[in-house]
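J.: Before I ask anything, let me first share the structure, which is written out below as structure tokens.
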Amino acid sequence: LLANLPFFEWSRTPARLHATTHLVLAILVAYGAAILIDKFKVKWHKLTITLLLIAVIFLEYLVVFPFPLTGTESRKVHAAVKTESGAILPLPVTNSSATEALFGQTINEQPIIGGRLFRDMPKHNMIQRFLQEIVFETGVTKGDIIRLPTNTERRDVLRHYDANWITYHNLDGSVGLQRPEGLDALLGPPIAIDDKIALFTRVDDFDTSSRLDMVYTLGSNWHPVENWNNTPTRWFYGNGEIFVYSALDRQAMLNMTLIPELELHVVAVKVNGELVVEISAGDWLEFQTPTFPLVAGLNLVELVDVTGPRAYVGDLRCAGGTTLSGAFVVKTECDSGVSDTRMISLGVQDLEIVSAHPLVPKQGQFAKNISLLNSYWQTELNAGSPLRLTLYWSADEKMRTSWTNFVHVRGPDNQLVSGIDQQPMVGGFPTDKWSPGQVVAYTIVVPIPEDAITGKYTIDVGWYQWPSLERMAVESEMLSSQNNLLTLGEFTIR
Numbered sequence: 002l003l004a005n006l007p008f009f010e011w012s013r014t015p016a017r018l019h020a021t022t023h024l025v026l027a028i029l030v031a032y033g034a035a036i037l038i039d040k041f042k043v044k045w046h047k048l049t050i051t052l053l054l055i056a057v058i059f060l061e062y063l064v065v066f067p068f069p070l071t072g073t074e075s076r077k078v079h080a081a082v083k084t085e086s087g088a089i090l091p092l093p094v095t096n097s098s099a100t101e102a103l104f105g106q107t108i109n110e111q112p113i114i115g116g117r118l119f120r121d122m123p124k125h126n127m128i129q130r131f132l133q134e135i136v137f138e139t140g141v142t143k144g145d146i147i148r149l150p151t152n153t154e155r156r157d158v159l160r161h162y163d164a165n166w167i168t169y170h171n172l173d174g175s176v177g178l179q180r181p182e183g184l185d186a187l188l189g190p191p192i193a194i195d196d197k198i199a200l201f202t203r204v205d206d207f208d209t210s211s212r213l214d215m216v217y218t219l220g221s222n223w224h225p226v227e228n229w230n231n232t233p234t235r236w237f238y239g240n241g242e243i244f245v246y247s248a249l250d251r252q253a254m255l256n257m258t259l260i261p262e263l264e265l266h267v268v269a270v271k272v273n274g275e276l277v278v279e280i281s282a283g284d285w286l287e288f289q290t291p292t293f294p295l296v297a298g299l300n301l302v303e304l305v306d307v308t309g310p311r312a313y314v315g316d317l318r319c320a321g322g323t324t325l326s327g328a329f330v331v332k333t334e335c336d337s338g339v340s341d342t343r344m345i346s347l348g349v350q351d352l353e354i355v356s357a358h359p360l361v362p363k364q365g366q367f368a369k370n371i372s373l374l375n376s377y378w379q380t381e382l383n384a385g386s387p388l389r390l391t392l393y394w395s396a397d398e399k400m401r402t403s404w405t406n407f408v409h410v411r412g413p414d415n416q417l418v419s420g421i422d423q424q425p426m427v428g429g430f431p432t433d434k435w436s437p438g439q440v441v442a443y444t445i446v447v448p449i450p451e452d453a454i455t456g457k458y459t460i461d462v463g464w465y466q467w468p469s470l471e472r473m474a475v476e477s478e479m480l481s482s483q484n485n486l487l488t489l490g491e492f493t494i495r
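This note's numbering puts the sequence shown at residues 2 to 495.
Structure follows, in structure tokens:
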């Protein structure tokens with residue numbers, strides 16, 4: 002309510018209306034001061050009040066000193082932009098660079114990408130932030146969790162948004178402008194440079210035969226790249242953003258590998274503000290989202306930590322696993338000397354946005370409550386080595402009670418050899434906490450006896466309720482089932 006009252010909304014008002022209102026207030030104040038001065042009969046009283054008001058005005062403008070004593074000569078970077086039409090992209094995305102660009106606009110009269118005088122509307126500067134990643138990330142990282150755009154794709158994106166001019170503003174104003182690595186390789190050397198601003202122009206001798214299709218970059222809330230099992234990995238915290246430019250309307254899917262920390266985090270995948278799917282990752286696993294629409298132009302994909310980020314001290318690779326599914330299969334080198342604290346949600350590898358394709362049919366349907374989407378395990382084992390069974394479930398309806406997941410392993414003689422009963426993620430995420438449409442994935446470690454004979458072994462999976470031991474009914478068009486058990490397949494003990 003307060004935000005909609007007069008004066009409270011001014012920071013979100015267009016600059017021209019904001020400035021006009023201040024002009025009206027200044028005129029009213031001037032009339033009021035004139036009336037106040039006329040009330041004094043003594044001449045030196047009038048002079049004193051007048052000088053006092055002038056002093057107050059100068060004191061007020063100390064916050065923007067040396068204005069109004071600055072020279073009238075404009076920066077040469079602003080004058081140079083006047084030679085050719087095209088939008089100006091001020092970087093980095095800060096209030097100071099936007100203010101400088103607005104001042105330059107009074108000289109060059111060119112449009113600005115992301116121009117603003119006061120606080121932005123929510124997500125208003127998304128295009129400018131996307132273009133900042135397009136420009137600044139050039140040549141910085143050789144390996145990342147996404148396919149980095151080529152220089153040709155980056156230039157094509159700038160051309161699409163008519164960004165003919167790029168200004169880089171040095172934030173601290175130090176001598177010797179430090180530009181991001183790779184900026185000159187993308188745009189060439191600056192055509193003009195002042196003590197705080199370098200001006201680049203978009204080169205036009207590009208390969209016009211190339212066709213821009215889809216480009217994406219990372220946005221906010223990502224930690225630097227780490228090496229996990231020789232694969233680039235980034236951890237996001239809270240809300241990891243991915244900017245996606247698509248040349249046309251299309252249906253797409255998101256593929257990625259998620260690494261959980263020691264506690265469970267539920268991540269919601271959103272596209273342009275719309276929920277696509279919720280994922281509960283209990284192990285270091287690959288995921289694929291359902292199909293979602295991308296519009297022609299700029300899209301925002303978000304990985305939102307529904308649970309909330311957590312502060313972690315040290316190198317998470319040293320943990321070697323998670324309480325949700327046990328130790329990781331692969332070993333990663335870590336630095337035990339790291340003692341920094343950072344907020345984390347989930348680790349991400351091999352993030353890729355692809356055109357939609359038909360989904361693999363689900364493997365089984367348990368009543369109307371749970372679908373088994375996929376499963377995999379080792380095809381060969383030695384006796385005594387544990388079976389690691391990874392299961393991808395989907396909650397179809399809200400469950401009011403907690404069900405127990407069980408796995409049976411039958412030997413070559415069809416007799417029960419081993420098994421395990423537990424609630425999902427070793428009790429860390431029972432079914433009564435699942436949300437409809439949520440994907441829940443975890444790994445179950447099933448012990449195999451050391452005296453197990455060689456041969457083919459069969460894996461069965463199911464659900465039951467304690468203490469009645471009543472099993473959940475199961476149906477499948479892909480796999481066989483009996484006695485409310487779903488047979489997943491076989492593995493061999495050598």
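Just so it is clear, CB atoms sit at the ideal spot from N, CA and C, and this is done for glycine as well.
To which residues of the same chain is V349 closer than 6 Å at the C-beta, ignoring the five residues directly before and after it?
T.: Closer than 6 Å at Cβ, skipping near neighbours: I146, R235 and M257.
J.: Quick check on DSSP: helix, strand or coil for M127?
T.: Looking at M127 - three-state DSSP - the assignment turns out to be helix.
J.: Helix or strand or just coil, what does DSSP make of S98?
T.: Helix at S98.
J.: Please go through the region 437-486 and give each complete beta strand (DSSP E) segment of 3 or more residues, from N-terminal end onward.
T.: Entirely contained in the region 437-486, the beta strand (DSSP E) runs reaching 3 residues are, in chain order, 440-447 and 456-466.
J.: Quick one: residues in its chain with C-beta nearer than 7 Å to the C-beta of M400, no 5 flanking neighbours on either side, listed in chain order?
T.: Excluding residues within five positions, the ones whose Cβ falls inside 7 Å are N370, T432, D433 and W435.
J.: Quick check on Q379: buried or exposed, where buried means 16 or more other Cβ atoms within 10 Å of its Cβ?
T.: By the 10 Å Cβ count, Q379 comes out exposed.
J.: Over what stretch of residues does the alpha helix (DSSP H) that includes A320 continue unbroken?
T.: Where A320 is concerned, there is no enclosing alpha helix (DSSP H), given that its DSSP letter is neither H nor E.
J.: What first and last residue would you give for the alpha helix (DSSP H) that runs through V349?
T.: Unbroken run through V349 is the beta strand (DSSP E), L347 to S356; no alpha helix (DSSP H).
J.: Closest to V418 by CA distance: which of Q439, E398, A384 and G428 is it?
T.: Of the candidates Q439, E398, A384 and G428, the one whose C-alpha sits nearest the C-alpha of V418 is A384.
J.: Where does the unbroken beta strand (DSSP E) through D185 begin, and where does it stop?
T.: No beta strand (DSSP E) holds D185; the alpha helix (DSSP H) holding it covers L184 to L188.
J.: Decide if the region 248-255 is in contact with the region 403-411; the criterion is three or more beta carbon pairs, one per stretch, under 8 Å apart.
T.: Contact between the region 248-255 and the region 403-411 is absent, because fewer than three Cβ pairs lie under 8 Å.
J.: Can you tell me the Cβ-Cβ gap for P150 and I135, rounded? I've got them flagged as a contact below 8 Å.
T.: With a Cβ gap of about 7 Å, P150 and I135 count as contacting.
J.: Taking buried to mean at least 16 other C-beta atoms within 10 Å of its own C-beta, is Q439 buried or exposed?
T.: Under this definition Q439 is a buried residue.
J.: For I36, which three-state DSSP category applies?
T.: If DSSP states are grouped into helix, strand and coil, I36 belongs with the helices.
J.: Take K363 and list the residues in its own chain whose beta-carbon comes closer than 7 Å to its own, dropping the five residues that flank it on each side.
T.: Cβ neighbours of K363 beyond the five flanking positions: S372, L373 and L374.
J.: The alpha helix (DSSP H) spanning V302 covers which residue range?
T.: It is not in any alpha helix (DSSP H) - V302 instead sits in the beta strand (DSSP E) that spans G298 to D306.
J.: In the structure shown, what three-state DSSP assignment does W229 receive?
T.: Here W229 sits in strand by DSSP.
J.: How many Å lie between F367 and L304 at the Cα?
T.: Cα to Cα, the separation comes out at about 29 Å.
J.: In the DSSP assignment, find the unbroken beta strand (DSSP E) run with F430 in it and report its ends.
T.: Element bounds for F430: n/a, residue is neither H nor E.
J.: Using the Cα positions of L178 and A199, report the straight-line distance between them to the nearest angstrom.
T.: Per-residue confidence for L178 stands at a pLDDT of 48, beneath the threshold of 50, marking its modelled position as unreliable; the derived number appears in the next sentence. If I take the Cα positions, the gap works out to 8 Å.
J.: Just how far apart, CA to CA, sit S175 and G87?
T.: Low confidence applies to S175: its pLDDT is 46, below 50, so where it sits in the model is not reliable enough to give any reading.
J.: How should V331 be labelled, buried or exposed, when 16 other C-beta atoms within 10 angstroms of its C-beta is the threshold for buried?
T.: It is exposed - the Cβ of V331 has fewer than 16 other Cβ atoms within 10 Å.
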